[in-house]
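Step one of this worksheet: look at the structure below.
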Amino acid sequence: MSVSVPASVLAHHGWAWTEDEESRLSGEIVSISFGNPHMHLELRDQAGTWQVDLAPPSASARAGFVEGVAETGDQAVVTGHRSRDADERAFKAETITVNGKTYDVYPDRPKTLKPGK
Numbered sequence: 003m004s005v006s007v008p009a010s011v012l013a014h015h016g017w018a019w020t021e022d023e024e025s026r027l028s029g030e031i032v033s034i035s036f037g038n039p040h041m042h043l044e045l046r047d048q049a050g051t052w053q054v055d056l057a058p059p060s061a062s063a064r065a066g067f068v069e070g071v072a073e074t075g076d077q078a079v080v081t082g083h084r085s086r087d088a089d090e091r092a093f094k095a096e097t098i099t100v101n102g103k104t105y106d107v108y109p110d111r112p113k114t115l116k117p118g119k
């Protein structure tokens, strides 16, 4: 499955564009892409749809997050960092919990929030 992604989201590499504080989002997966350079999903919560970047496919696969473990329509919880731009509904996820299992796609990054819930 492919997804249209705003150019501003595609330009996000690294973490400089994100807030320092960790956040949690939960909602329904609207679309999911397992392609390079980063896996991506759209997550809809009560306020709208978020563009969520995950790790590159190889790092996500090491965490066990591969095609088939999550699909559109699944409920998911992500922890990570929101965009510093308050007008942008963009998020860089460190963990994703879906179907009762948590995947830590950035295991070497320090975390202050427990995944899931």
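Note that this note's numbering gives residue 109 to position 107 of the sequence shown, counting from 1, and the numbers run on in steps of one. Idealized CB from N, CA, C, for every residue including glycine.
Specify the secondary structure class of residue i as computed by DSSP and reduced to three states.
{"i": "A92", "result": "strand"}
{"i": "R84", "result": "strand"}
{"i": "R64", "result": "helix"}
{"i": "P58", "result": "coil"}
{"i": "V32", "result": "strand"}
{"i": "L115", "result": "coil"}
{"i": "V5", "result": "Note on V5: pLDDT 44, under 50, position unreliable in the model; no value is reported."}
{"i": "A78", "result": "strand"}
{"i": "Q53", "result": "strand"}
Compare the beta carbon distance of residue i and residue j with 8 Å and say whether it is the shorter of the two.
{"i": "Q53", "j": "A92", "result": "yes"}
{"i": "V32", "j": "E23", "result": "no"}
{"i": "P112", "j": "T104", "result": "no"}
{"i": "D106", "j": "T97", "result": "yes"}
Going by C-alpha to C-alpha distance, which of the options sits closest to residue i?
{"i": "L56", "options": "T99, T114, K116", "result": "T99"}
{"i": "H42", "options": "A95, S25, E24, G16", "result": "A95"}
{"i": "G50", "options": "L27, V71, F67, G70", "result": "L27"}
{"i": "A78", "options": "G70, G66, G102", "result": "G102"}
{"i": "F36", "options": "T20, F67, E30, S25", "result": "F67"}
{"i": "G75", "options": "P109, E30, D106", "result": "E30"}
{"i": "G70", "options": "I34, H40, P39, P58", "result": "I34"}
Looking at the secondary structure, which residues open and close the beta strand (DSSP E) in which residue i lies?
{"i": "E44", "result": "42-47"}
{"i": "Y105", "result": "103-106"}
Can residue i be considered in contact with the ligand COA, in the sense that its beta carbon sits closer than 7 Å to one or more heavy atoms?
{"i": "K113", "result": "Absence of the ligand COA is noted for the structure shown, with no ligands found whatsoever."}
Tell me, please, whether the segment 81-95 touches the segment 62-73 by the rule of three or more beta-carbon pairs shorter than 8 Å.
Under the 8 Å Cβ criterion, the segment 81-95 does not count as touching the segment 62-73, having fewer than three qualifying pairs.
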